[in-house]
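> Questions regarding the structure given below will be posed in turn.
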Amino acid sequence: MNENTGTLITIITEAPLEHTITRDIERLGAHGFTITDARGKGKRGLRDAGWDASSNIRIEVLCSSDIAEKIARRMKQRYYMNYAMVVYRQEVSVSRPEEF
Amino acid sequence: MNENTGTLITIITEAPLEHTITRDIERLGAHGFTITDARGKGKRGLRDAGWDASSNIRIEVLCSSDIAEKIARRMKQRYYMNYAMVVYRQEVSVSRPEEF
Amino acid sequence: MNENTGTLITIITEAPLEHTITRDIERLGAHGFTITDARGKGKRGLRDAGWDASSNIRIEVLCSSDIAEKIARRMKQRYYMNYAMVVYRQEVSVSRPEEF
Amino acid sequence: MTDPIILFFLLGISAGLLKSELRLPVAIYDFVSMLLLLAIGMKGGIELAKQPFMLLLPQILAVMIMGFVLPLFAFPVLHYVGRFMRADAASIAAHYGSVSVGTFAVAVAYMGTNGLTFESHMPLLLVVLEIPAILVGILLARGFSGKIQWGLVAHEVFAGKGIVLLLGGLVIGWIAGPEGVVSITPLFFDLFKGILALFLLEMGLIAASKVSSLRQYGAFLVVFGIAMPLFSSAVGVILGYALGMTVGGTAMLAILAASASYIAVPAAMRISVPEANPTLSLTASLGITFPFNVLIGIPLYYQLAATTHRVLGG
Amino acid sequence: MTDPIILFFLLGISAGLLKSELRLPVAIYDFVSMLLLLAIGMKGGIELAKQPFMLLLPQILAVMIMGFVLPLFAFPVLHYVGRFMRADAASIAAHYGSVSVGTFAVAVAYMGTNGLTFESHMPLLLVVLEIPAILVGILLARGFSGKIQWGLVAHEVFAGKGIVLLLGGLVIGWIAGPEGVVSITPLFFDLFKGILALFLLEMGLIAASKVSSLRQYGAFLVVFGIAMPLFSSAVGVILGYALGMTVGGTAMLAILAASASYIAVPAAMRISVPEANPTLSLTASLGITFPFNVLIGIPLYYQLAATTHRVLGG
Amino acid sequence: MTDPIILFFLLGISAGLLKSELRLPVAIYDFVSMLLLLAIGMKGGIELAKQPFMLLLPQILAVMIMGFVLPLFAFPVLHYVGRFMRADAASIAAHYGSVSVGTFAVAVAYMGTNGLTFESHMPLLLVVLEIPAILVGILLARGFSGKIQWGLVAHEVFAGKGIVLLLGGLVIGWIAGPEGVVSITPLFFDLFKGILALFLLEMGLIAASKVSSLRQYGAFLVVFGIAMPLFSSAVGVILGYALGMTVGGTAMLAILAASASYIAVPAAMRISVPEANPTLSLTASLGITFPFNVLIGIPLYYQLAATTHRVLGG
Ligand SMILES: Nc1ncnc2c1ncn2[C@@H]1O[C@H](COP(=O)(O)O)[C@@H](O)[C@H]1O
Ligand SMILES: Nc1ncnc2c1ncn2[C@@H]1O[C@H](COP(=O)(O)O)[C@@H](O)[C@H]1O
Ligand SMILES: Nc1ncnc2c1ncn2[C@@H]1O[C@H](COP(=O)(O)O)[C@@H](O)[C@H]1O
Ligand code: NA
Ligand code: NA
Ligand code: NA
C-alpha cells in the first residue's frame, strides 16, 4: 500500500466556534476535517452539552506536520486566551497520503 | 499491569456503510469496534450530517498490526474509489491485550 | 511554541458509568476530560445505543503518563470484571502543557 | 377491531425481524417516554386529589408487601431450577418483582378502549411497586452481611428519570387539579394514545432484537418469562380482591404484578449487582414478558379478575 | 391567501440563503418524517378497507409500468444530451422515475385546503411507484450481464424506513379502520399539517444548501430538473385519464409521476451503483425539482388534469 | 389553583437540586424552543395584519430607545459597585438590556390564564428589543475606537435561530392571517402550553445547575439579578403608560424590560467580547432573573401596571 506518515491534530473547543475554526483550518492549507460533538471539563469548568452554547466539538485534521504546526499556532494566538480549548497532535500513518 | 502495544485503525466514512464495513472488520478477524457519529469535509465535499445519507461515522478498531493492515487494504480495495473515506493508523498501548 | 508530550488515555465503556468514572479520573489528579457518545461491539456483545443503558461513551483524558497509569490501573481494578470496557493510551504532543 | 397501538407493536416486531433499519431516534424515544410518564403521573394525581390520602394507606402497604414477596418466589426458581448464578437469579427476580410503566400505559389504553374503569390511584401503586423488589434483589445477591452502598442505590432509584417524572406528574396533577390541567391537555392527554403507539413501535423493534439472545439462553428463560407473570397476576388478583378493589382495579393490580421492569431495575442492578449479566434479565423482560403481556396478558388478567369477582362475589 | 405550509418552505429557503444557523435537529427531522409516512400510509389504508382490492389491480399494474418506463425516457436525455456518465445518467433517471413522499404530502394538503378529492388508494400507488425505477436504474448502469447483488438491493429498498412505515401504516389503517384510528387521530391526523410545515421548513433549508452545487453543475441540470417533471406529469395525466380516474386522482398521479425521490433511491443507488455521484442527483431532485413541484408544479398539474378531463370529457 | 406550567418549572428546579439525571434531550429542547418561537411570532403576525403598520412606528422607536438606555444604567452599577471587569460588566449589561423569549412565553400564558388582554403587536416589540442592547454592550466593552467586526456580529444576531424563527413566524402569520393558520393550529397553538410546560421543566433543571456558580460569584450577582429587573420593569411601566398602552400592554412591556437574554446575547457576546466570562452573565440571567420573573415578577409587574394606570388614570 502506498502509505505515509502524517500528523493528526485534534482540537477540542466550544461548539459555536465551529465555523470560524474550520475556515481557519482550510485557509492554513488542510484539505479536510472531521467533527464530532462532545462534552467535557477543563480549566473553564464543566461543558455539559445540554445547551448549544455549553457544548464542545472535537475537530480532527489530518495534514502535514507543517500545517499542523501552523494550525496549533493559530489556535493559540486567536483562541486560547478567551475560549475553552485543548489541542494535541500525533503522528499517524495514513493510507491515502497523496492528498495531505 | 499486563500491557501490550496494539494498532488503532480509524476509518472515517459515509454513515450508510456502517453495516457493510463492520461486517468486513469482523470477518478480517478484529474482535470489536467503536463507532461515533461525525460530520466533515474532504475531497468529496461537505458532509454535514443534517441528513442521514450525508453524515459520517468514525469507526475505531483496536487490533494487531496484521489485522489493521488487512482492514486498511480491504477499505482501499472496496470503498476508496466510490465512497468518501479516510483511514489512518496509530500504535497504542492497550491495557487488556489478551483479546486482540 | 511551548510544547510538551503528554499521555492521552481513552476509555470506552458503558454510558451509565459516566459520573462514577469521571469522579475517579478527577480524584486521580487529571485536570479535565472529554466525552463523546459512542456505540460498539466487543466481548460483551453489541452495544447499539438505541437505549440509554446499551450505549457507550468514549472518555479521553490528557494527563501525565503517571496519572494515565493510575487511571488505567483503577479502571482495571474497579470495572474490567463486570463492565464492558476498553482502555488504551498514546503519547501525544500537547500545545498547552503547563496544566497537565 | 384491533386496537391500533397493538398493531404498531406488531409492526415494530415485524420490522425488527426483517432487520429493517427503522429505529426511533434516541432523543425521540426519550421524549415519548417522558410524555407517557408525566401523563400517567398527572392522571393519577388529578384523581388522587379527590380522595383522602389516609384511606389509601392500607392498600399502599399491602401492595408494597407484594413487591417484597414476589421476587422471593422468583429467586429460588431461577437459582435452583433454572441454575442461574446467585447474582443473575437475584437480578432477574428483582426485574419481575418490580413493574413496567410501558405495560401499565398499554393497560390504561386497553381499559379506556373497552370503557372499563379502575381505581384512580393506580399510578401511585405503580410508583410504590417499583422500589421494594430492588432492595430484595440486592439483598438476595449480597446477603445481609454484604457491603452495599445504599446511598448510591437510593440516588439511582429516586433520582432516576422514571420516578422523578411519575412522582412529579402525580404531584402536579394533585396540585393543579382537573381544571388546572385543561390548558396542557392537548399535549399530555389528547396525544396520549398516538404517543403510546410510537412507543410501542420502538418496543417492538427492541423486542425483536432480543430474539438472538433468546436462542442463546435457551428455553428456561422463555418458560419463566411467561409462567412468572401468570403466577404474579394471580397473586395480584387475589390481593386486589382481598383489598376490596373493583374488577378494573383488581385487573390493574394483576397487570402491575405481572409486568417486569426494564428501566429502573436494570439501572439499579448494574450499579449494585454489577456481576449480574444484564443481557439475561433484559432478554426475559423485553423479549418475552413485555410482548406476552401486551399481546395476551392484559385481556387475560382482566378476565381472571372478572371471573374471580363473579365467582367469589363482590 | 397562501397556504402557510408553503410559507414555511419559503422561510426555510430564505434562512438557508442567508446562511442562518437554523436547522431542524436530525432526530426531529426523523420524527417528523416518520409521522408523515405513517399518517399517509394510514390514511390510505383506512380508505382501502372500503373497496375490493381486486378492482385496483389493473391500476396498480399500469402505474407500475409507468414506473418502469419513465426512467427509460430520462436516461438517454441525460446520457446523450446532458453528456453525463452512464452511471450518473442511470442514477438520476432512477430518481425521477421514483417518487417523493414529501411532495405527495404537500399535494395531499393542497387538495385538502382546496376541498378537492381524489382516489383514496393513492398512497398504495405511491408505494408501488417507489420501486420499479430503482430496478431500471441499476440495469441501465450495469446492463443485464453485470453482477448485481439483488439481495442487498431488495433489503435496502424493502427494509428501508420509508417503505416499512408507509406499508406498515397502510396495513394498520386497513385493519383498524376509521373507528379504530380515532384514538390516535390527534397525533397522526390533527397535527398533520403542522408537522408538514416543520418538514417543509427543513426541506427549504436543504434546498437552499444545494445552490452552490447547482452553480457547479450548470444549466443542463436546472433545465432537466424542470422539464422532466413537466413531461412526467403529462404522462401521469394521460395515464390517469385513461384509467378512468377522477380529476383529483388524475392530478395526484401526475404529481407522483412528476416528483423525484430523495430518500429511497439515493440509498439504493449508493449501494448498487456507487460510482454514480450522489451530489448530482440530489442537487437536481432537492435543489430544483422539489421546490419547483411544491411552489409551481402542484397547482399546475391539477390544472392540467382538470383541463384534460374537460376537453376530453369524463 | 397554580398554573401547571409553573409547577413544571418547580419540578425542574427540584429535580435539578436533587441531582436527578433527568434532562430534556438536546434535540427535544431545540424542537420545543422552535415551536415556541414560531408560535409567538405567528400569533403576533396574525394580529399585526389587522392594524396599519405606520401607527406602530412611534412605539417601535420608543421601545428601541429603551433597549439602548437600559444597559447604560446597568453598566456603571456592575462596573463600579459590583467591581466587575469592564468586559464582564458590559456583557451582563447587554444581557439585561435585551429580552428573554421564554419569559415572554410564560407571560403570554399568564395573561391567557387570567383572561387578560394586551396589544397584539408585542411580539414585534420583543424582536425590536433583542438587538439594541447587544450594540451597546459591544461599545461599552470596546469603546468607539475599538476594531469591531460588525459584519460578524450582525450575522450572528440576524441569522441566529431566535430572530429567524420569531421574524419568520411573524411574517407567516401576517401573510396567512387568522383563517390561513387554522390548519396548523393544532400543532402550534393547541399544544402551546404543553410545550411550554416541557420547556419550563428544562429551564428549571438549568436554573438549578447554576446554584454552584451562584455560590462562587457571591451575593452581588444575586442582588443585581433581582434589583435590575425590578428597576427595568418600572421603566417599562412608565414607558408603556406614556405610550398610551392598555394595562395589559403596559404589563407586557414591563415584563420585556425586566427579562434578561440567555440565548441571543450570550452568542453575540462570545463572538464580539470573548474576554467576558459567560458563566457570570448566564448565572445571573438563568440562575436568578429567569426564576424570579417566572415565579414572582410576572404577577408583580402586572400589579404595578394596573396600579399605575389606576393612580394616574387611563
Ligand atoms: N485534561 C484534559 N483531557 C481531556 N480533555 C480536556 C482536558 N482539559 C480540557 N479538556 C477538554 O477541553 C475543553 C476545554 O478545556 P478548558 O479550556 O481547559 O476548559 C473541556 O471542556 C474538555 O472537553
Ligand atoms: N484531511 C482530513 N482530516 C480529517 N478528516 C478528513 C480529512 N479529509 C477527509 N476527512 C474526513 O473523511 C470524510 C471523507 O473524506 P473524503 O473522501 O476526502 O471526502 C470527510 O467527510 C471528513 O469527515
Ligand atoms: N477491538 C476493539 N476495538 C475498538 N473498540 C472496541 C474493541 N473491543 C471493544 N471495543 C469497545 O469497547 C466496548 C466494550 O467492550 P467489551 O468490554 O469488549 O464488550 C465495546 O462496546 C466497544 O465499543
Ligand atoms: Na412485577
Ligand atoms: Na417521478
Ligand atoms: Na431586559
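Just so you know, the sequences run in chain order A, B, C, D, E and F. Take the first sequence: its letter number 12 is residue 21 in the working numbering, and every next letter is one higher. Take the second sequence: its letter number 18 is residue 27 in the working numbering, and every next letter is one higher. Take the third sequence: its letter number 20 is residue 29 in the working numbering, and every next letter is one higher. Take the fourth sequence: its letter number 219 is residue 948 in the working numbering, and every next letter is one higher. Take the fifth sequence: its letter number 306 is residue 1035 in the working numbering, and every next letter is one higher. Take the sixth sequence: its letter number 197 is residue 926 in the working numbering, and every next letter is one higher. From the three backbone atoms N, C-alpha and C, an ideal C-beta is built for every residue, glycine too. Since this is a predicted model, take the numbers as computed values, not measurements.
#1: Taking Cβ to Cβ, would you say F:Met998 is nearer than 7 angstroms to F:Ala987?
#2: In this structure, how does DSSP classify B:Asp8 when only helix, strand and coil are distinguished?
#3: Which residues in chain B have a C-beta closer than 9 angstroms to the C-beta of A:Gln99? List them in chain order.
#4: Beta-carbon of C:Gly51 versus every beta-carbon of chain B: anything under 7 angstroms?
#5: Looking only at its chain, what residues have a beta carbon closer than 7 angstroms to the beta carbon of C:Phe109, apart from the 5 residues adjacent to it on each side?
#6: Please name the residue in E:Gly906, E:Lys890, E:Ala822 whose C-alpha comes closest to that of E:Leu868.
#7: Which residues in chain B sit within 8 angstroms of C:Thr45, going by Cβ to Cβ distance?
#8: Let me know the alpha helix (DSSP H) ranges lying completely inside the stretch 865-911 of chain D, each 4 residues or longer, listed in chain order.
#9: Taking C-beta to C-beta, are D:Ser962 and D:Tyr1030 nearer than 7 angstroms?
#10: Apart from the five residues just before and just after D:Thr979, which ones in its own chain have a Cβ nearer than 6 angstroms to its Cβ?
#11: On a CA-only basis, which of E:Pro1007, E:Pro1028, E:Ser990 is nearest E:Val830? Give me that one, please.
#12: Return yes when the C-beta of A:Gly41 is under 6 angstroms from any heavy atom of ligand 2, and no when it is not.
#13: How should D:Gly844 be labelled, buried or exposed, when 16 other C-beta atoms within 10 angstroms of its C-beta is the threshold for buried?
#14: Determine the chain C residues that contact D:Ala996 at a beta-carbon separation under 7 angstroms, and present them in chain order.
#15: Beta-carbon separation of D:Leu807 and D:Ala816 under 7 angstroms?
#16: Nearest to F:Leu943 by CA position, among F:Leu746, F:Gly1016, F:Lys922, is which residue?
#17: So, does the CB of C:Asn91 fall closer than 7 angstroms to a CB anywhere in chain D?
#18: Is it buried or exposed for D:Trp879, if we count other Cβ within 10 angstroms and need 16 for buried?
#19: What residue does the alpha helix (DSSP H) around E:Tyr758 start on, and which one ends it?
#20: What does a CB cutoff of less than 7 angstroms around E:Glu776 pick up in its chain, not counting 5 residues either side in sequence?
#21: Check the Cβ-Cβ distances between F:Lys1003 and every residue of chain A, and say whether any is below 7 angstroms.
#22: Does the stretch 76-86 of chain C come close enough to the stretch 48-55 of chain C to have 3 or more Cβ pairs within less than 8 angstroms?
#23: Along the chain, where does the alpha helix (DSSP H) that runs through F:Ile860 open and close?
#24: Assign C:Tyr88 to buried or exposed, taking buried as 16 or more other Cβ atoms, counted over all protein chains shown, within 10 Å of its Cβ.
#25: Using DSSP with H/G/I as helix, E/B as strand and the rest coil, what is E:Thr1037?
#26: For the putative contact between D:Val865 and D:Pro800, defined by C-beta atoms under 8 angstroms, what is the C-beta separation to the nearest angstrom?
#27: Count the other C-beta atoms from every protein chain shown that fall within 10 angstroms of the C-beta of B:Thr43, then say buried if there are 16 or more, exposed otherwise.
#28: What number of angstroms, rounded off, separates the C-alpha of E:Val835 from the C-alpha of F:Val910?
#29: Going along the chain, which residues of its own chain have a beta-carbon closer than 6 angstroms to the beta-carbon of D:His824, five neighbours each way excluded?
#30: For E:Tyr758, which residues in the same chain have their Cβ closer than 7 angstroms to its Cβ, ignoring the five residues on either side in sequence?
#31: Any idea what DSSP makes of D:Thr731, helix, strand or coil?
#32: Can E:Leu746 and F:Ile901 be called in contact, C-beta distance under 7 angstroms?
#33: Among all the DSSP beta bridges, which residues are the ones paired with B:Thr14?
#34: For A:Met94, which of helix, strand or coil comes out of DSSP?
#35: Please identify the residue among D:Ile1027, D:Arg1039, D:Leu790 whose C-alpha is closest to the C-alpha of D:Met840.
#36: Going by the C-beta, is B:Lys5 closer than 6 angstroms to any heavy atom of ligand 2?
Taking the coordinates as given:
#1: Contact: no.
#2: The structure shown has nothing for residue 8 of chain B, since chain B only spans 10 to 109.
#3: Those are Gln99, listed as they occur along chain B.
#4: Interface flag for C:Gly51 against chain B is set, since a Cβ pair is found closer than 7 angstroms.
#5: Caution is warranted here: a pLDDT of 49 is assigned to C:Phe109, below 50, making its placement in the model unreliable, and the coordinate value is therefore given only provisionally. Gly15, His40, Leu71, Cys72, Ser73, Val103.
#6: Considering only E:Gly906, E:Lys890, E:Ala822, the residue with the shortest C-alpha distance to E:Leu868 is E:Ala822.
#7: Correct list: Thr45.
#8: Correct list: 879-887, 890-909.
#9: D:Tyr1030 is positioned such that its CB atom lies closer than 7 angstroms to that of D:Ser962.
#10: Same-chain partners within the cutoff: Val966, Gly969, Tyr970, Ala1034.
#11: The residue with the shortest Cα to Cα distance from E:Val830 is E:Ser990.
#12: Result yes, Cβ under 6 angstroms from ligand 2.
#13: An exposed status is given to D:Gly844, since fewer than 16 other beta-carbon atoms sit within 10 Å of its beta-carbon.
#14: The answer, in chain order, is Pro25, Ala62.
#15: Note that the C-beta distance between D:Leu807 and D:Ala816 is not below 7 angstroms.
#16: For the options F:Leu746, F:Gly1016, F:Lys922, the alpha carbon positioned closest to that of F:Leu943 is the one of F:Gly1016.
#17: True, the Cβ-Cβ gap to chain D drops below 7 angstroms.
#18: Counting the other CB atoms within 10 Å of its CB gives D:Trp879 a total below 16, which places it among the exposed residues.
#19: That run of the alpha helix (DSSP H) goes 755-777.
#20: Correct list, in chain order: Ser849, His850.
#21: The sequence given here has Pro at residue 1003 of chain F, not Lys. By the rule that beta-carbons nearer than 7 angstroms mark a contact, F:Pro1003 touches chain A.
#22: Too few Cβ pairs lie closer than 8 angstroms, so no.
#23: That residue, F:Ile860, is in no alpha helix (DSSP H); it is neither H nor E in DSSP.
#24: So C:Tyr88 counts as buried.
#25: Reduced to three states, the DSSP call for E:Thr1037 is helix.
#26: Confirmed, Cβ separation roughly 5 angstroms.
#27: A buried status is given to B:Thr43, since no fewer than 16 other beta-carbon atoms sit within 10 Å of its beta-carbon.
#28: Between the C-alpha atoms of E:Val835 and F:Val910 there is a straight-line separation of about 15 angstroms.
#29: Cβ within range, chain order: Ala989, Ser990, Val994, Ser1010, Ser1014.
#30: A distance below 7 angstroms between beta-carbons, with the five flanking residues on each side excluded, links E:Tyr758 to the following residues of its chain, in chain order: Glu931.
#31: DSSP places D:Thr731 in coil when its eight states are reduced to three.
#32: The Cβ atoms of E:Leu746 and F:Ile901 lie no closer than 7 angstroms to each other.
#33: In the DSSP output, where bridge partners are listed per residue, B:Thr14 has B:Ser102.
#34: Here A:Met94 sits in strand by DSSP.
#35: Ranking D:Ile1027, D:Arg1039, D:Leu790 by Cα distance to D:Met840 puts D:Ile1027 first.
#36: For chain B, the structure presents residues 10 to 109; residue 5 of chain B sits outside this window and is missing.
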